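Student:
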Amino acid sequence: MVHVDATTDFSKAASTSLYLFSHLRTLSRRLRVFGVAMVIVCASRPVFATAEAASAGVDAVRRGPIDVARRALLEFEAGHFDRALEAFEEAAPLGLANRDRFDLLRAESLLHLGRAGEAITALSVWRAAYPNSPWRHRALFRQGDAQSAAGDLTAALSTWTAALSTYPEYPARGAVWLAMADVELRLGHPVEAQRWALRVVSTFPGDPVSASAALFVSRVFPQEATSTLAPTRLASPEERLSTGADLRKRKRFREAVAMFVALASDGTAAKALRADARWHKARTLWESGEFKEALVDFQALKGVAEAAGDTRHLRRCHRWIGYTLERLGRTDEAALSLALASGNAETPPQPVVEDIAWLYFNAGAYKKSEPWFARLRKTSAGPSIHWIRTWLDYRLGRFELAAKAFLSMPGDRSRYWAARAWQGAREKVKAVDLFRAISRGAPTGYYGYQAQARLRELGEPVAELEAEAPGSGPSDGGQKLVPRETGLSALAALFGSTFPQLSQAAELEALGEPFAAAVSLRAVSDELRAFRDARPRGKALKTWTHVYRPYVDNRGDTQRAEWGRTIVPAVERALVPSDLSRGAGLARAVSSDLSKRLGQAFAALGDPHYARRHGFIGALPRNLPEDVGSKPDWKRRYPLPF
Numbered sequence: 196m197v198h199v200d201a202t203t204d205f206s207k208a209a210s211t212s213l214y215l216f217s218h219l220r221t222l223s224r225r226l227r228v229f230g231v232a233m234v235i236v237c238a239s240r241p242v243f244a245t246a247e248a249a250s251a252g253v254d255a256v257r258r259g260p261i262d263v264a265r266r267a268l269l270e271f272e273a274g275h276f277d278r279a280l281e282a283f284e285e286a287a288p289l290g291l292a293n294r295d296r297f298d299l300l301r302a303e304s305l306l307h308l309g310r311a312g313e314a315i316t317a318l319s320v321w322r323a324a325y326p327n328s329p330w331r332h333r334a335l336f337r338q339g340d341a342q343s344a345a346g347d348l349t350a351a352l353s354t355w356t357a358a359l360s361t362y363p364e365y366p367a368r369g370a371v372w373l374a375m376a377d378v379e380l381r382l383g384h385p386v387e388a389q390r391w392a393l394r395v396v397s398t399f400p401g402d403p404v405s406a407s408a409a410l411f412v413s414r415v416f417p418q419e420a421t422s423t424l425a426p427t428r429l430a431s432p433e434e435r436l437s438t439g440a441d442l443r444k445r446k447r448f449r450e451a452v453a454m455f456v457a458l459a460s461d462g463t464a465a466k467a468l469r470a471d472a473r474w475h476k477a478r479t480l481w482e483s484g485e486f487k488e489a490l491v492d493f494q495a496l497k498g499v500a501e502a503a504g505d506t507r508h509l510r511r512c513h514r515w516i517g518y519t520l521e522r523l524g525r526t527d528e529a530a531l532s533l534a535l536a537s538g539n540a541e542t543p544p545q546p547v548v549e550d551i552a553w554l555y556f557n558a559g560a561y562k563k564s565e566p567w568f569a570r571l572r573k574t575s576a577g578p579s580i581h582w583i584r585t586w587l588d589y590r591l592g593r594f595e596l597a598a599k600a601f602l603s604m605p606g607d608r609s610r611y612w613a614a615r616a617w618q619g620a621r622e623k624v625k626a627v628d629l630f631r632a633i634s635r636g637a638p639t640g641y642y643g644y645q646a647q648a649r650l651r652e653l654g655e656p657v658a659e660l661e662a663e664a665p666g667s668g669p670s671d672g673g674q675k676l677v678p679r680e681t682g683l684s685a686l687a688a689l690f691g692s693t694f695p696q697l698s699q700a701a702e703l704e705a706l707g708e709p710f711a712a713a714v715s716l717r718a719v720s721d722e723l724r725a726f727r728d729a730r731p732r733g734k735a736l737k738t739w740t741h742v743y744r745p746y747v748d749n750r751g752d753t754q755r756a757e758w759g760r761t762i763v764p765a766v767e768r769a770l771v772p773s774d775l776s777r778g779a780g781l782a783r784a785v786s787s788d789l790s791k792r793l794g795q796a797f798a799a800l801g802d803p804h805y806a807r808r809h810g811f812i813g814a815l816p817r818n819l820p821e822d823v824g825s826k827p828d829w830k831r832r833y834p835l836p837f
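Residue numbers (my numbering): 196 to 837.
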């Protein structure tokens with residue numbers, strides 16, 4: 196982070212990497228693009244002592260595109276920007292699929308080498324060439340840094356302001372505010388500089404950038420460097436509410452509650468804002484696990500809403516009171532509160548019926564959950580809860596009925612529970628036959644092992660069913676870990692013209708970036724699903740336009756994308772013109788085995804959720820274990836006997 200000592204000259208700090216690159220270096224060292232631009236902090240990979248060690252002795256293969264790209268990334272991460280720039284320029288004409296990423300890092304290398312003018316030009320060209328790149332937010336903030344380094348301070352402030360307006364939840368915005376404070380001071384605006392620095396202190400207490408901002412204030416404004424420098428003294432009530440919400444999102448619950456309590460009792464704040472602060476306080480208590488205290492606050496808010504005749508807020512209070520009572524184990528009261536939240540306690544709508552059914556189910560009150568699930572039988576949720584209703588028959592002792600219903604369903608899970616039902620009905624022969632069939636079909640699968648355990652309970656021999664894991668034996672002392680083949684190169688060769696993201700994913704995998712490869716692959720999966728849902732049955736689409744949104748936040752009334760960017764559908768569609776040829780390619784892809792192969796690729800890349808979307812189960816963990824029901828996370832989702 197930013198390092199400041201007693202000799203730091205803050206009036207010249209923006210001309211160095213002190214402030215300009217503090218928020219950039221933090222991201223550039225271990226940046227991973229998840230969704231569109233989600234920073235993932237993970238354990239570092241094994242790093243070579245120097246970038247030269249990585250490239251020593253490989254002159255014979257340095258000219259390959261992947262080798263050049265790998266060398267460029269290693270040099271960049273090692274901070275050897277001159278050699279990184281040389282490698283990025285060597286990689287530019289090689290036709291790399293992730294050219295937007297390498298072109299951006301080339302511009303950043305220019306910036307780190309002090310060639311700010313060239314960096315500004317390169318970044319402007321980049322933003323025009325790649326308007327939909329998942330790295331667009333980074334390019335915008337980098338452009339402000341380059342303008343500041345070049346001495347164009349007014350332009351830098353304008354760029355940073357526009358960037359923060361577009362991405363209001365940018366995680367390194369504290370460092371950007373500190374850089375803006377330094378630039379304002381250089382422009383002769385000390386009041387504005389102080390305001391930005393104090394905003395860093397109030398918004399990110401305890402963060403290293405906050406300590407740097409406090410030192411900035413103490414050096415430049417010594418009269419303000421006292422212990423009475425209140426973080427919220429210069430912040431408006433709206434900013435304090437936003438700060439509290441940010442603290443809650445970062446799991447700093449005590450600080451958030453203190454912020455909301457102070458705001459709720461602030462007579463200078465508007466009445467509606469004080470009410471919002473009380474609501475946020477209750478939500479924060481709930482998220483921190485203080486359910487009894489949260490219940491008191493929610494009930495007080497309910498009384499206020501009843502007195503004011505505010506139906507909307509009254510329903511919201513009933514809903515959260517229901518959630519709180521559920522966590523406190525008061526299931527019947529929680530169900531009643533959820534029904535009241537719907538506005539029609541006698542015949543609540545389908546989503547509320549589902550919530551109440553699962554509420555009783557998760558609490559282990561199976562008899563009470565059964566009539567609520569029965570209400571859903573003829574609704575759109577009927578097919579999805581058919582298995583659960585059958586399992587309830589088993590759990591409530593109707594074993595023969597449950598066994599017959601389970602046998603009518605596909606999959607080892609249903610066959611396993613059918614065998615359990617026959618076991619409960621004391622039909623040992625039928626149960627043993629089913630358990631053996633499951634174990635023979637998938638000896639190393641989850642239900643194969645479970646079936647073998649049940650056979651041991653029944654006193655049946657299982658030695659012939661136990662499969663030896665591949666690669667295990669006395670010679671090597673255990674099972675070998677062999678990485679799965681993703682098959683991305685073959686997919687890129689077959690469907691790369693329709694889905695450029697396949698080529699990007701294959702290239703990222705070759706570069707040792709499996710997580711980024713999985714993100715690129717998600718774009719293919721999401722577009723396939725959107726195309727399949729939009730295409731009329733048996734007909735071809737005349738036009739096709741798709742905007743990939745890997746991260747959408749639905750808080751409030753507005754959809755927001757990466758770092759809080761507001762989604763404007765008309766503008767996004769204008770940036771992605773309709774393409775008839777891609778529609779034909781998509782139709783061919785939908786009718787091929789691409790979906791199945793994508794599932795295998797996602798599983799190999801370590802993305803089980805998208806793998807399951809494409810029907811790939813393999814060795815992925817099931818969501819219905821019987822031996823971890825006592826863990827809190829599982830207990831909230833499934834009862835112990837499940």
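From the three backbone atoms N, C-alpha and C, an ideal C-beta is built for every residue, glycine too. Quick caveat, the model's predicted, so the values are computed rather than measured.
(1) Here's a check: name, in chain order, each residue in its chain whose Cβ is nearer than 7 Å to the Cβ of V548, leaving out the five neighbours to either side.
(2) Identify the continuous alpha helix (DSSP H) that holds S849 and give its terminal residues.
(3) Once the 5 residues before and after T361 are set aside, which same chain residues still bring their CB inside 6 Å of it?
(4) Return yes when the Cβ of A616 is within less than 7 Å of the Cβ of S634, no when it is not.
(5) Can you list the alpha helix (DSSP H) stretches of 4 or more residues lying completely in the segment 459-524, in chain order?
(6) Taking all protein chains shown into account, do 16 or more other C-beta atoms lie within 10 angstroms of the C-beta of S787, making it buried, or fewer, making it exposed?
(7) Let me know if N539 comes out buried or exposed under the rule of 16 or more other beta-carbons within 10 Å of its beta-carbon.
(8) For R649 and F630, I'd like the C-alpha separation in whole angstroms.
(9) Since I believe V412 is in contact with A392 (beta carbons under 8 Å), could you give me their beta-carbon distance rounded to a whole number of angstroms?
(10) Would a C-beta distance cut-off of 7 Å place L318 and A334 closer than the cut-off?
(11) Does the distance from the C-beta atom of R777 to that of W739 stay below 7 Å?
(12) Cutting at 7 Å between CB atoms, please list the residues of its own chain near A425, excluding the five before and the five after it.
(13) When you compare the CB positions of F301 and L348, do they come within less than 7 Å of one another, or not?
(14) Roughly how many angstroms separate the alpha carbons of E387 and L689, rounded to a whole number?
(15) Quick test of the definition: if touching needs 3 or more C-beta pairs under 8 Å, does the segment 457-474 touch the segment 393-403?
(16) Which of the three DSSP states, helix, strand or coil, is assigned to V627?
(17) What span of residues does the alpha helix (DSSP H) with F601 cover, start to end?
(18) Considering only the alpha carbon of each residue, which of R337, F297, G259, R368 lies closest to W758?
(19) To the nearest angstrom, how far is it from the Cα of V456 to the Cα of R435?
(20) What are the boundary residues of the alpha helix (DSSP H) that includes A620?
(21) Touch check for the segment 457-465 and the segment 479-491: three-plus C-beta pairs under 8 Å?
(22) Measure the C-alpha to C-alpha separation of A311 and G682 and round it to an integer number of angstroms.
(23) Considering Cα atoms alone, identify which of T574, S575, H513, A598 is closest to T585.
(24) Starting from the Cα of A279, find the closest Cα among L533, E270, L410 and give me that residue.
(25) For R584, which three-state DSSP category applies?
(26) Under three-state DSSP, which class holds F271?
(27) By Cβ distance, which residues of its chain are closer than 8 Å to L716, with the 5 residues on each side in sequence left out?
(28) Enumerate in chain order the residues of its own chain whose CB-to-CB distance from A464 is below 8 Å, with the five nearest sequence positions on each side excluded.
(29) Quick one: using the 10 Å Cβ neighbour count with 16 as the cut-off for buried, is R294 buried or exposed?
(30) Put H307 into one of helix, strand or coil per three-state DSSP.
(31) Enumerate in chain order the residues of its own chain whose CB-to-CB distance from G619 is below 6 Å, with the five nearest sequence positions on each side excluded.
(32) Could you tell me which whole alpha helix (DSSP H) segments of length 4 or greater appear in the segment 300-356?
(33) To the nearest angstrom, how far is the alpha carbon of A600 from that of P638?
(34) Report the residue from V415, W481, R414, S407 whose alpha carbon sits nearest the alpha carbon of R443.
(35) Measure from the alpha carbon of S579 to the alpha carbon of each residue in N557, D721, M604, then state which is nearest.
(36) Would DSSP call V386 helix, strand or coil?
Tutor: Well, looking at it:
(1) Around V548: W567, R570, L571.
(2) In the structure displayed, the chain extends from 196 to 837; residue 849 sits before or after that span and is not available.
(3) R760
(4) no
(5) Counting only runs of 4 or more, we get 466-482, 486-503, 506-522.
(6) exposed
(7) exposed
(8) Straight-line Cα distance between these residues: approximately 8 Å.
(9) 5 Å
(10) yes
(11) yes
(12) Reliability of the predicted coordinates at A425 is poor, the pLDDT of 41 falling under 50, and the value obtained from them is presented with this limitation in mind. Result list for A425: empty, nothing under 7 Å.
(13) In the sequence as presented, Phe is not what sits at residue 301; that position holds Arg. The answer is no: Cβ separation not under 7 Å.
(14) 57 Å
(15) no
(16) helix
(17) Its alpha helix (DSSP H) spans residues 594-602.
(18) R368
(19) 11 Å
(20) That residue, A620, is in no alpha helix (DSSP H); it is neither H nor E in DSSP.
(21) A contact is defined here as three or more CB-CB pairs under 8 Å, and the segment 457-465 fails this definition with respect to the segment 479-491.
(22) 42 Å
(23) A598
(24) E270
(25) Helix.
(26) Helix, per DSSP.
(27) L683, Q696, L697, A700, L793, A796, F797, L800, D802, Y805
(28) P432, L458, A472
(29) buried
(30) helix
(31) F594
(32) 311-324, 331-344
(33) 24 Å
(34) W481
(35) Of the listed residues, the one whose Cα sits closest to S579 is M604.
(36) Reduced to three states, the DSSP call for V386 is helix.
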